[in-house]
Amino acid sequence: MAEKDECSRCGGLFGVDELTPIIGTYGLFALFCKDCFEKEQSERVRPE
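If you want the working numbering, it's the 1-based position in the sequence shown plus 223.
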């Protein structure tokens, strides 16, 4: 059985290979699923 981990943003369970590790603000370590990672990236790069 494949190891599963929780997405830090949506709380869903995903296979380890489906999660992207992120070093966030204040050095906090987070795991984001693909959808949350893409949402986070698009929110961060929002033009002013």
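Glycine residues also receive a C-beta, built at the ideal position from the N, C-alpha and C atoms.
Here the structure is a predicted model, which means the values were calculated and not measured.
Whole-angstrom distance between residue j and residue i, CA atom to CA atom
i: Glu241; j: Lys257; result: 7 Å
i: Val239; j: Val268; result: 26 Å
i: Leu236; j: Phe252; result: 17 Å
i: Thr243; j: Gly234; result: 14 Å
i: Lys262; j: Glu226; result: 24 Å
The alpha helix (DSSP H) enclosing residue i, as first and last residue numbers
i: Asp228; result: From DSSP, Asp228 is part of no alpha helix (DSSP H) but of the beta strand (DSSP E) over Lys227 to Glu229.
Residue i - containing beta strand (DSSP E), residue span
i: Cys256; result: Phe252 to Cys256
i: Gly238; result: Leu236 to Gly238
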